[in-house]
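Read in our numbering, the sequence shown has 215 at position 215, and its numbers run on one by one without any break.
Note that CB positions come from ideal geometry on N, CA and C, so glycine has one too.
Have a look at the structure below, then the notes.
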Amino acid sequence: MRFFHCAVFILFFSVLFAGWFFFVNASHTPETQPQTRNVGISIEVPCVGEGCAAEQVPEPGPGPRDTRSALVVEGFASPGALLFITLNDAVAKTAAVSLSGIFSESITGLSPGSAKVGLFAVDSGGFTTPTVSVDIVLFEAQTTRVFDVLLPPTITVNNKEENQLTGIVEEVAIRQGERILVSGQTFPRAIVRATRFPDRQTQEVLADGRGRWEAIFATDKLIGSYTVSARSQLLSGLLSEPTKTVAFVVIPLPGREPSPPREPGIPPPLRPGGPVPEYIDLNGDRLVDIRDFSILLYNWGTPKDPRADLNSDGVVNLIDVSIMLYWWTG
1 MRFFHCAVFI
11 LFFSVLFAGW
21 FFFVNASHTP
31 ETQPQTRNVG
41 ISIEVPCVGE
51 GCAAEQVPEP
61 GPGPRDTRSA
71 LVVEGFASPG
81 ALLFITLNDA
91 VAKTAAVSLS
101 GIFSESITGL
111 SPGSAKVGLF
121 AVDSGGFTTP
131 TVSVDIVLFE
141 AQTTRVFDVL
151 LPPTITVNNK
161 EENQLTGIVE
171 EVAIRQGERI
181 LVSGQTFPRA
191 IVRATRFPDR
201 QTQEVLADGR
211 GRWEAIFATD
221 KLIGSYTVSA
231 RSQLLSGLLS
241 EPTKTVAFVV
251 IPLPGREPSP
261 PREPGIPPPL
271 RPGGPVPEYI
281 DLNGDRLVDI
291 RDFSILLYNW
301 GTPKDPRADL
311 NSDGVVNLID
321 VSIMLYWWTG
């Protein structure tokens, strides 16, 4: 009986010691932080002491220990793009993405603590990706590695240039039946899915060896305002965040104009009676047609002729197009 009690006692303390050993090791082992927005994060601890290669990490010498942190970011973008790395919303480093589209950059001498890392890039055409952001913790004398960052594609519509101050591509207006070209740059050979809203029509295309991609949308059955955004995906399954949103408006052909919105059960109203208001008839021919629309397009954005700003809000945009469509005579 005494032997049995001793065996139970030894077994109990063996289990207790094993559980304590596992807990201590688990609590002191740097763990992979949760993935955020398809970005993986790992904490790498410098190797110091027995078993470490002396040429990689030397033994600490006399004097105060260096407690500063380091950051490594690795990922994918369009070849030759200018990469921006921000820490707590301030630019910490810029670098050129390799011609293969892969980047790996490091920042040293950082203060330990919580930090917000942001990455975005400007492609060779001057278009900017959205910023991918992730919150991390920088530990003393350790390297935080942020990897598998697939930056979103850049995007434009009908080769419209991006405003360098606002980073916005202005809306494009076209006639019904014309094609809309949506294009941009991303990692080479990535799959790009461009989606049109609000009808959620999607086209899947493959970027070429330089990361350039384009998708074409027909407008034969479209009328009104639409937006498009896109996402990239690598063969490994890594998926990017969406691009910025670009917008376009489709002007109907004569006789296909939509009626103004109305309540359910109420028949569509007739076209407004009487002459067309003078401020709508931009060329003074008593008609609202393609000639007036051309004048409006010429003044798109900040109007050169204030008459094209039909609602007098200081900008010619989709609202002015809607006003002109309401009075359209063809």
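Ordered along the chain, which non-local residues of its own chain (more than five positions away) have a Cβ less than 6 Å from that of residue i?
i, result
"Thr131", "Gly118, Phe120"
"Ser225", "Val249, Leu318"
"Ser240", "Leu150, Pro152, Arg231, Ser232"
"Ala247", "Glu171, Thr227"
"Thr245", "Thr227, Ser229"
"Gly109", "Arg68"
"Ser124", "Gly80"
Excluding the five sequence neighbours on either side, which residues of its own chain have a C-beta within less than 8 Å of the C-beta of residue i, listed in chain order?
i, result
"Ile280", "Val288, Asp292, Leu310, Ile323, Met324, Trp327"
"Val91", "Phe84, Ile85"
"Gln176", "Thr219, Asp220, Leu222, Ile223, Val250, Ile251, Pro252, Leu253, Arg256"
Going by beta carbon distance, what residues of the same chain come within less than 7 Å of residue i, once the five residues before and after it are set aside?
i, result
"Gly211", "Ser78, Pro79, Gly101, Gln185, Thr186, Phe187, Pro188"
"Asn299", "Asp305, Ala308, Val316"
"Leu82", "Thr94, Ala96, Ala121, Val122"
"Ser312", "none"
"Pro112", "Thr67, Ser69, Leu138, Phe139, Glu140"
"Thr302", "Val315"
"Leu99", "Pro79, Gly80"
With DSSP as the reference, please indicate the residues paired to residue i in a beta bridge.
i, result
"Gln233", "Ile191, Leu239"
"Glu74", "Ser104"
"Ala339", "No statement about residue 339 is possible, as the shown extent of the chain runs from 1 to 330 and does not include it."
"Ala115", "Ile136"
"Thr86", "Val91, Gly118"
"Gln201", "Arg196"
"Glu161", "Answer is none; Glu161 lacks a bridge partner."
"Gln185", "Arg212"
If the criterion is Cβ atoms closer than 8 Å, does the pair residue i and residue j meet it?
i, j, result
"Ser69", "Glu140", "yes"
"Val228", "Arg193", "no"
"Ser205", "Leu181", "As written in the sequence, residue 205 is Val, which differs from the Ser given in the question. Their beta carbons are not under 8 Å apart, which means Val205 does not touch Leu181 by this criterion."
"Glu72", "Arg145", "The question names Glu, but residue 72 in the sequence shown is Val. Closer than 8 Å, so yes."
"Gln201", "Ala215", "no"
"Ser133", "Lys160", "no"
"Asp89", "Ser114", "no"
Using 10 angstroms around the beta-carbon of residue i, count the other beta-carbons present and answer buried if the total reaches 16, otherwise exposed.
i, result
"Asp320", "buried"
"Gly314", "exposed"
"Thr243", "buried"
"Ser183", "buried"
"Thr154", "buried"
"Thr129", "buried"
"Leu296", "buried"
"Glu162", "buried"
"Pro282", "First, the amino acid is wrong: residue 282 is Leu here, not Pro. When all chains shown are included, Leu282 counts as buried."
"Leu222", "buried"
"Ile366", "Outside the displayed span of the chain (1 to 330) sits residue 366, for which this structure offers no information."
Under a three-way DSSP split, which group does residue i fall into?
i, result
"Ile295", "helix"
"Leu206", "strand"
"Tyr290", "Here residue 290 is Ile; the residue named in the question, Tyr, does not match the sequence. Helix."
"Ser322", "helix"
"Arg307", "helix"
"Trp213", "strand"
"Asp281", "coil"
"Thr131", "coil"
"Asp148", "strand"
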